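Student: Residue numbers (UniProt numbering), protein chains in the order written: chain A, 1 to 504; chain B, 1 to 504; chain C, 1 to 504; chain D, 1 to 504. Ideal placement from N, C-alpha and C gives every residue a C-beta, glycine not left out. Remember, predicted model here, so these are calculated numbers, not experimental data.
Protein chains: 4
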Amino acid sequence: MAHKHGHGHGRERIQFANAEDKQEFSKYPTKAGRRSLSRSISQSSTDSYSSAASYTDSSDDETSPRDKAQVNTHGSSDFCVKNIKQAEFGRREIEIAEQDMSALISLRKRAQGEKPLAGAKIVGCTHITAQTAVLIETLVALGAQCRWTACNIYSTQNEVAAALAETGVPVFAWKGESEDDFWWCIDRCVNTEGWQANMILDDGGDLTHWVYKKYPSVFKKARGIVEESVTGVHRLYQLSKAGKLCVPAMNVNDSVTKQKFDNLYCCRESILDGLKRTTDIMFGGKQVVVCGYGEVGKGCCTALKALGAIVCITEIDPICALQACMDGFRVVKLSEVIRQMDVVITCTGNKNVVTREQLDRMKNGCIVCNMGHSNTEIDVASLRSPELTWERVRSQVDHIIWPDGKRVVLLAEGRLLNLSCSTVPTFVLSITATTQALALIELFNAPEGRYKQDVYLLPKKMDEYVASLHLPNFDAHLTELTDEQAKYMGLNKNGPFKPNYYRY
Amino acid sequence: MAHKHGHGHGRERIQFANAEDKQEFSKYPTKAGRRSLSRSISQSSTDSYSSAASYTDSSDDETSPRDKAQVNTHGSSDFCVKNIKQAEFGRREIEIAEQDMSALISLRKRAQGEKPLAGAKIVGCTHITAQTAVLIETLVALGAQCRWTACNIYSTQNEVAAALAETGVPVFAWKGESEDDFWWCIDRCVNTEGWQANMILDDGGDLTHWVYKKYPSVFKKARGIVEESVTGVHRLYQLSKAGKLCVPAMNVNDSVTKQKFDNLYCCRESILDGLKRTTDIMFGGKQVVVCGYGEVGKGCCTALKALGAIVCITEIDPICALQACMDGFRVVKLSEVIRQMDVVITCTGNKNVVTREQLDRMKNGCIVCNMGHSNTEIDVASLRSPELTWERVRSQVDHIIWPDGKRVVLLAEGRLLNLSCSTVPTFVLSITATTQALALIELFNAPEGRYKQDVYLLPKKMDEYVASLHLPNFDAHLTELTDEQAKYMGLNKNGPFKPNYYRY
Amino acid sequence: MAHKHGHGHGRERIQFANAEDKQEFSKYPTKAGRRSLSRSISQSSTDSYSSAASYTDSSDDETSPRDKAQVNTHGSSDFCVKNIKQAEFGRREIEIAEQDMSALISLRKRAQGEKPLAGAKIVGCTHITAQTAVLIETLVALGAQCRWTACNIYSTQNEVAAALAETGVPVFAWKGESEDDFWWCIDRCVNTEGWQANMILDDGGDLTHWVYKKYPSVFKKARGIVEESVTGVHRLYQLSKAGKLCVPAMNVNDSVTKQKFDNLYCCRESILDGLKRTTDIMFGGKQVVVCGYGEVGKGCCTALKALGAIVCITEIDPICALQACMDGFRVVKLSEVIRQMDVVITCTGNKNVVTREQLDRMKNGCIVCNMGHSNTEIDVASLRSPELTWERVRSQVDHIIWPDGKRVVLLAEGRLLNLSCSTVPTFVLSITATTQALALIELFNAPEGRYKQDVYLLPKKMDEYVASLHLPNFDAHLTELTDEQAKYMGLNKNGPFKPNYYRY
Amino acid sequence: MAHKHGHGHGRERIQFANAEDKQEFSKYPTKAGRRSLSRSISQSSTDSYSSAASYTDSSDDETSPRDKAQVNTHGSSDFCVKNIKQAEFGRREIEIAEQDMSALISLRKRAQGEKPLAGAKIVGCTHITAQTAVLIETLVALGAQCRWTACNIYSTQNEVAAALAETGVPVFAWKGESEDDFWWCIDRCVNTEGWQANMILDDGGDLTHWVYKKYPSVFKKARGIVEESVTGVHRLYQLSKAGKLCVPAMNVNDSVTKQKFDNLYCCRESILDGLKRTTDIMFGGKQVVVCGYGEVGKGCCTALKALGAIVCITEIDPICALQACMDGFRVVKLSEVIRQMDVVITCTGNKNVVTREQLDRMKNGCIVCNMGHSNTEIDVASLRSPELTWERVRSQVDHIIWPDGKRVVLLAEGRLLNLSCSTVPTFVLSITATTQALALIELFNAPEGRYKQDVYLLPKKMDEYVASLHLPNFDAHLTELTDEQAKYMGLNKNGPFKPNYYRY
């Protein structure tokens, strides 16, 4: 059962046609650092994104959705999904997701009367999952018309796409698209008679790119772009710098709630889940080195230590290193400890953090995985060499076998462990989706001139609003300032409560 | 042994002569929020700041130092301390402090050859403790001439002041100064023949204020002011706003290392120490409510939970509240839980967070204390009423007794618990002192024009340098970027490693 | 997709033929308490015990193994497994398990020269998994002859059984046996010409029972029985009490290593894994009540609190309750908190701990599961009533829907969550398997008279030896007593180090 | 300020007159192991036991209490304390203690009507502190007559002794007794006209010893002895073994509540307190080695890790070592890590655990202290040699200075840190005191024949009762078994709930 070397693992990123864009992309990491979870979602298009992705797919036919004629029960055929008949199953998945997304449901209720998105025509390009469906249906409930496509060729939950199409949202997406399918779907989404988008919700920048290239006139009437990913945000800043951004854009990637909750808290849980599902490892007493003590690294370290692992870290930044010290982690160089480690986890956003030389020195049974960005952190390419044998022992788990019999356990071929091998809690996705919805409302309703042709962060007050919508999940009760206290602190009783530079 | 009501507890703040200044001060809290540890040091001038403050004082005579003629062994009498003969004892205290301040010692060694402060004439106004002495002697070793006075009438360690005076640093300070003494000392420090300061190191802004009022010409040649406290920083921003700041000023209060380490980590340890020393409380199973989940609150909650207390929090800011939820703390309104609590801790920076009505509803034996700013958080004044009996049971511990016999245990009369009832680890003071030293070096050596008449934060690279100087304490080994990695990340191999808005 | 009510979920326990045995069984729980993990393994025979159980099964034919003629490559047909051709796959599974069972491998090496089990003829009846295979092959390496059968009709890993059969161990077991198959396999295992067992290794007591009923003469020459499960141990004590136990028996269920490690540490990890795999729940901020604060409850509480859940407990025993208080958990009655809880977990070993009335009061989305013994703790039967709708949403996950739309999420139909929905780390199984091996060696080699016809605990020194064999996994280095220290403590330098009543 | 070497640090133990007793004592440690907290209280008679011990002593006269004629306000002079006039102050201390000893108060209320100790004549020999006073006054409230003396020449709180004497309890004790005073007090306590004790409450065995030697006839009518310390319990077992025990004795030292709460939980808090009060150390990032992972070591490790220290342990027992691994601590030999450690803590109950050779290898500033038994664990004697300089820097803190300037910080001269340098929470003392009271009630009221001339553990049901009396402190609510559940579990609804061997 030797693993096939060298075969292309599908495209990790839709390639742009011209050199300029490529360059933009290749320059990306200079600014991005490690806060790159969502961008990585966009990138790792071969990851099986969700364990729920293929409930009913197994017996499906092989016909391309593009070749099928499908009609929903309302007579519409303005969609293209795998199988419209899966709608009922998908509806149930959406209902389950709604249980953990009460912030969006609450937003629906609060804003439904006034329909703040009445008149909004939104094209969206995101992962198509039950959670996204809750977002889309919220936008519709608030008055918007939506057309949707997938930002990733593998991550679509076909049943959910069917459920959306059934209720009348034109969706163009299925799991396992080809690259040609991918752009065809985007085009079908944007290019429709008698309807022109005035807002874009993007994850990764591909939709924005396509509209720029093919339908630049859309931007004349557009109220704005909301972008979630590091990659997409980076492109927008590049455009802005080059003077080519012709609508306001909202960077939701760098909002506090997204950063702190997606990275610190989400990774705190998913590192355990990802390791457990793939290796059944017992954490107690395991020697673990975590490379990078940013938010992702902090989350990983907290969880592993809490379950009895003995964790040390590597860092390049002395401030983060000092935090690690105070938090009780030894700060080491990887080479000093590599021989003793049971688990090596990368969270740096950098490349070649784990080198072949270090892989050579690992002990038998050492587990290596990546929680950082993309698949560059571990030099996996160096392992695809003739003297090493790959043995796939489980889905997402390879044993790399050295000539002397030593085995290193590589997870997800060095791609993001938590996206490949665990699930992302709906609650975290709810925070992001709520932020997106508020960004759309803000841009759509902002008075003329509040936003120019530039990239903006969500106003802190809206960050606070997103947070407040999630507090009922925890039965949390906020304290209100008295008039006297508000005056003493120089604060408005309704916030914002902190200066912009506050570090939380 | 009833507590004497109504007597003035000494001045909590040197009063300014004119209304304008008073107003500046009264406006202070509007910006300060809860990051106010050092400012509070400045304020709580009646606190017995350090347990080491009075080793040899008990049998001292009552003569005012101003009336004594003292000469050090080098023949100098340019100082005014309690008793120059205590120098040897003070020297040993300084030596002990040096053991935990290896960052400053290391800075001495690295910069000693080049004498980066040669020509600097620094007047300083800070707490005078063994740790400050290590700072002052570092400045001297780097080439500076220094004159020093105390920012607080109670916090001076007399032996340390003597040791400094013995080695030739003109020090004007003793424990238990009167208000008149306080200003006399500042004046003696600044106003000396044949010597004019060109830099100011201030903690609280009193020295700066005095120079502004009395010797404004000093600012003509001064290279800058380094200010540590929230109060002082606030005044500088006010001056800057009013166009009256005539030299560059460095705000070291808001540097990352100071904020995160002084607040989060220092409070994590001192809350336990402060409660234990005053009440011998067993933490396990105690119901505790912490008001405020900023850095100070986070530190308190972490420690208390770690030792088995059951902690809930109150918050006004939904983002901090959501963090508390994710960290495992119930978010409540104080009134909902006040009857059940064993301990109530305030960390908000606000006023009247604990009201008389809530104090009335506490259960017998409830402990109430403040880790936030100043002494406003608990409405202590409301407890000084005829129907309640105060009983001082230990130093810093009062039982307030209700007519029905209920006792509430009030610590430090609502002033800062960790400054009043515990000690601040030398290691934390080392971080602050190193930051001050680097700020002085930076301002003194900056090329013309780099800094204007404004308030600046320390450059991030220097923050990182402060951190790196403290890593050897932990035997921590930083990883260096390879050229390839630095290029990939778009970083200089020597830092800075993070954008300015990075939240750590 | 409504769940089928009322269908029998297979036998949960092989039924005995006569009333006396039944009564023994029904009396069991009176002594068992909550230290019942392994017994529950034995009981929950319908659980899909291991995620690795069915790698290659899907395309198998439907012919009963009893009707197949199979021969291994050595020409032997003294076995009955699903498909001898799966041996190679099974071998690899065994090799992977060996990596985490270095204690057994080490035991093989240490004892291989002297063959301490030479002459031992062992019949075994346990789960047949890769880990058991490592045990069996260790026994063989130490000189024993073994015949093996399964203690559970569902838990056999067919490939592993094939691998054992291929190397010459007569194995009679496959996944999905009928009750008749079950006893047929046991009989084939015991009843073979020219070979009579002199030792029994049992898990659940079924093999022991069969030998008692059918081949009592076996006990005339047997050196002893080693029993792992609470159920089996209970039966042995009953036999002993009744004067019917005619060989020495070793109770490995109550050894320290098994109790503390299987229960506390194993549950600490598996509660998270079980909840995550079934529900993708985010732990941060979840309100959880854990019923029972024994070892299992302690493990669950520790892990959940560490990941940010807010945990309270229920207890009947004031000592355990006081421990919970000191550990920072509120001690409540279930009815007081049931309305607020997000998750309810039972770990009591009792019955009807969660009643229908309490289920009625849970909030929408509440997750209910059992980590205790058997499936009695939650009154699942009360939920199988006409007014409630069951919806199976995932494997092992049912939504129970109330008429008003409220959903309660029931996991594993109230059976043991960690066995049904997570995996047991090999490391924990290694501790148990090593204990079993040592118990067999001890009984087989004990001098005449050391053990009588009674039930024994493993000598503490052997408990300590089991532990010491596992320390190299952690690169742990024991300290040795000096002669002087040993004398001072009155200890032998090689142990045992603690009195029998030591509580660890 | 060099430390005086070689001076006798007072007697660490009252010496017995004859060889037999000495031998008994010298043999003690062979059985005691590390569960020796209370014994060590008894032993370390020079420790300043409580921070509250000397509130009002400073200006006292030097006259021996034995030479004073004192009368309380009721006209009685049957007592001997430092100064009867301090009674009011002592009364307040007792009242404060009562607040945290509600279990005893509750016991008073429950049993007051029936006066279960009516007729009991109790002589007691314990530490005389506010907490003991609450116990004594409880015994009186339940009907007993009491006479009391101190088990330690330094630990008496004079004000508390005065308060007891004032209310009519004959107390013979003061702080700073000579050895002759010690025995004189015991004798005065026992030998009084017209009154003969029928019960003994002892801590350390000195009172029991005296009665055996001088007034053996007392035992003819005595109902029993209650003994708290390891030392005293050991002596009782020796007597029992030798056939010389002539009354029933209750060993409260080995009761569950005492062991688990006194050791694990009490040390969890006091290690932090002891280190902080003496050294102001910051725990974050400190490298700590804890020698011994029994209950005391577990408590220390838990707390230090929780506050960010990096902890490793040493162990001789592989089972405890494996627990340490699973709990996330590296298990090392002391010599392997000694050079890197910031703090070394002994908790083994053994001798010479830290040797001179290891002290020689420690780094500059390393802190060394003992939480185990007696003062044998660190080889302090080896440090009293000419080439090393001792410098006392604070109370209980010595710097030992090597010829090269290296300083090792030795706390409490190697005696018990938590007794010397921190306080014991009243809550923990409440558990012990309640256990003592119940043991007295049980022995006094037991029907003829229940207890023979042997040493007994408190019945588990009473352990459970002690625990239950403390639950209201935490507002903890126990769950009651239903009849059906009790039957299913084979338990009495009122307990006991666990078998005797249960490990908690």
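Please name the residue or residues paired with residue 150 of chain D in a DSSP beta bridge.
Tutor: Sequence index remark: in the fourth sequence, residue 150 of chain D carries index 150 (1-based). According to DSSP, which records beta bridges pairwise, residue 150 of chain D is partnered with D:126.
Student: Kindly list, in the order they appear in chain A, the residues whose Cβ is closer than 7 angstroms to that of residue 282 of chain C.
Tutor: The sequence position of residue 282 of chain C within the third sequence is 282, counting from 1. Here the neighbours are 269, 425, 427 and 428.
Student: Based on Cα-Cα distance, which residue from A:381, A:493, A:178 and A:131 lies nearest to residue 318 of chain B?
Tutor: Counting from 1 along the second sequence, the entry for residue 318 of chain B is found at position 318. Of the candidates A:381, A:493, A:178 and A:131, the one whose C-alpha sits nearest the C-alpha of residue 318 of chain B is A:493.
Student: Which residues of chain C have a Cβ atom closer than 8 angstroms to the Cβ of residue 313 of chain A, listed in chain order?
Tutor: Translated into positions along the first sequence, residue 313 of chain A becomes position 313. Per Cβ cutoff of 8 angstroms: no residues; residue 313 of chain A is ~19 angstroms from chain C at best.
Student: Within the continuous alpha helix (DSSP H) that includes residue 432 of chain A, where are the two ends?
Tutor: Position 432 of the first sequence, counting from 1, holds the residue named residue 432 of chain A. 426 to 445 is the extent of the alpha helix (DSSP H) around residue 432 of chain A.
Student: Return yes when the Cβ of residue 66 of chain D is within less than 8 angstroms of the Cβ of residue 181 of chain D, no when it is not.
Tutor: If you number the fourth sequence from 1, residue 181 of chain D lands on position 181. If you number the fourth sequence from 1, residue 66 of chain D lands on position 66. Yes, the pair counts as a contact, with Cβ atoms nearer than the cut-off.
Student: State yes or no: is the C-beta of residue 266 of chain B within less than 8 angstroms of the C-beta of residue 428 of chain B?
Tutor: The residue you call residue 266 of chain B lines up with position 266 of the second sequence. The residue you call residue 428 of chain B lines up with position 428 of the second sequence. Yes. Within cutoff.
Student: Would a check of beta-carbon distances place residue 104 of chain D closer than 8 angstroms to chain G?
Tutor: The chain labelled as chain G is not found among the protein chains of the depicted structure, namely A, B, C and D.
Student: How many angstroms separate the CA atom of residue 255 of chain A from the CA atom of residue 261 of chain A?
Tutor: Reading the first sequence from its first residue, position 255 is the one you call residue 255 of chain A. Reading the first sequence from its first residue, position 261 is the one you call residue 261 of chain A. Between residue 255 of chain A and residue 261 of chain A, the C-alpha separation is close to 10 angstroms.
Student: Cβ of residue 308 of chain B less than 8 angstroms from any chain C Cβ?
Tutor: The sequence position of residue 308 of chain B within the second sequence is 308, counting from 1. Cβ-Cβ to chain C under 8 angstroms: yes for residue 308 of chain B.
Student: Give the C-beta separation of residue 173 of chain A and residue 150 of chain A to the nearest angstrom, bearing in mind that I take them to be a contact with Cβ-Cβ under 8 angstroms.
Tutor: For this step, residue 173 of chain A is matched to residue 173 along the first sequence. For this step, residue 150 of chain A is matched to residue 150 along the first sequence. About 4 angstroms; that satisfies the 8 angstroms criterion.
Student: Please give the ranges of any alpha helix (DSSP H) in the region 279 to 344 of chain A, keeping only runs that are unbroken, at least 4 residues long and fully inside the region.
Tutor: If we require 4 residues or more, the alpha helix (DSSP H) runs fully inside the region 279 to 344 of chain A come out as 295 to 306, 318 to 326 and 334 to 337.
Student: To the nearest angstrom, how far is it from the Cα of residue 88 of chain A to the Cα of residue 399 of chain C?
Tutor: Translated into positions along the first sequence, residue 88 of chain A becomes position 88. Translated into positions along the third sequence, residue 399 of chain C becomes position 399. About 17 angstroms.
Student: Which residue comes first and which comes last in the beta strand (DSSP E) that contains residue 417 of chain D?
Tutor: What you label residue 417 of chain D is simply residue 417 of the fourth sequence in a count that begins at 1. It is not in any beta strand (DSSP E) - residue 417 of chain D instead sits in the alpha helix (DSSP H) that spans 417 to 421.
Student: DSSP on residue 121 of chain B, reduced to helix/strand/coil?
Tutor: Position 121 of the second sequence holds residue 121 of chain B. Here residue 121 of chain B sits in strand by DSSP.
Student: With burial defined as no fewer than 16 other Cβ atoms inside 10 Å of the residue's Cβ, what is the status of residue 293 of chain C: buried or exposed?
Tutor: Within the third sequence, the letter at position 293 stands for residue 293 of chain C. Classification of residue 293 of chain C: buried, given that the 10 Å Cβ count is 16 or more.
Student: Contact criterion: CB-CB distance below 8 angstroms. Does residue 31 of chain A meet it with respect to chain B?
Tutor: Residue mapping note: residue 31 of chain A aligns to position 31 of the first sequence, counting from 1. Since pLDDT at residue 31 of chain A reaches only 27, below the 50 mark, its modelled position is unreliable, and no value is offered.
Student: Measure the C-alpha to C-alpha separation of residue 300 of chain A and residue 264 of chain A and round it to an integer number of angstroms.
Tutor: On the first sequence, residue 300 of chain A is found 300 positions in, with the first residue counted as 1. On the first sequence, residue 264 of chain A is found 264 positions in, with the first residue counted as 1. If you take the alpha carbons of residue 300 of chain A and residue 264 of chain A, they lie about 8 angstroms apart.
Student: I'd like the list of long-range same chain contacts for residue 28 of chain C, defined as Cβ closer than 7 angstroms, with 5 residues on each side in sequence excluded.
Tutor: Sequence index remark: in the third sequence, residue 28 of chain C carries index 28 (1-based). Here the model assigns residue 28 of chain C a pLDDT of 29, short of 50, so the residue's position is not dependable, and the following value carries that caveat. For residue 28 of chain C, where only same-chain residues beyond five positions count, the Cβ hits under 7 angstroms are 231 and 234.
Student: Going along the chain, which residues of its own chain have a beta-carbon closer than 7 angstroms to the beta-carbon of residue 156 of chain D, five neighbours each way excluded?
Tutor: Here residue 156 of chain D corresponds to residue number 156 of the fourth sequence, with the count starting at 1. Hits under 7 angstroms: 128, 150, 173, 174 and 175.
Student: Should residue 483 of chain D be flagged as near chain B, meaning a C-beta pair shorter than 8 angstroms?
Tutor: Taking the first residue of the fourth sequence as position 1, residue 483 of chain D is located at position 483. Judged by the 8 angstroms Cβ criterion, residue 483 of chain D is not in contact with chain B.
Student: DSSP on residue 113 of chain B, reduced to helix/strand/coil?
Tutor: Against the second sequence, residue 113 of chain B aligns to sequence position 113. Residue 113 of chain B falls in the coil class under three-state DSSP.
Student: Compile a chain-ordered list of the residues in the region 368 to 392 of chain C whose CB is closer than 7 angstroms to at least one CB of chain D.
Tutor: Result list empty, no residue passes.
Student: Tell me the residue span of the beta strand (DSSP E) that contains residue 357 of chain C.
Tutor: Looking up residue 357 of chain C in the third sequence gives position 357. Residue 357 of chain C -> not in any beta strand (DSSP E); alpha helix (DSSP H) instead, spanning 356 to 361.
Student: Answer yes if the region 192 to 206 of chain D comes into contact with the region 220 to 228 of chain D, meaning at least three C-beta pairs across the two stretches below 8 angstroms, and no otherwise.
Tutor: Yes, they touch.
Student: State the CB to CB distance for the pair residue 410 of chain A and residue 421 of chain A, rounded to an integer number of angstroms; the pair is presumed to be in contact (CB under 8 angstroms).
Tutor: Translated into the one-based positions of the first sequence, residue 410 of chain A becomes position 410. Translated into the one-based positions of the first sequence, residue 421 of chain A becomes position 421. Residue 410 of chain A to residue 421 of chain A, Cβ: 12 angstroms. No contact.
Student: Looking only at its own chain, which residues have a Cβ that is under 8 angstroms from the Cβ of residue 355 of chain D, when we skip the five neighbours before and after it?
Tutor: Indexing the fourth sequence from 1 puts residue 355 of chain D at position 355. Hits under 8 angstroms: 379 and 382.
Student: Taking Cβ-Cβ distances shorter than 9 angstroms, what residues in chain D pair up with residue 334 of chain B?
Tutor: Walking along the second sequence from the start, residue 334 of chain B turns up at place 334. The contacting residues do not exist; residue 334 of chain B stays about 18 angstroms from chain D at best.
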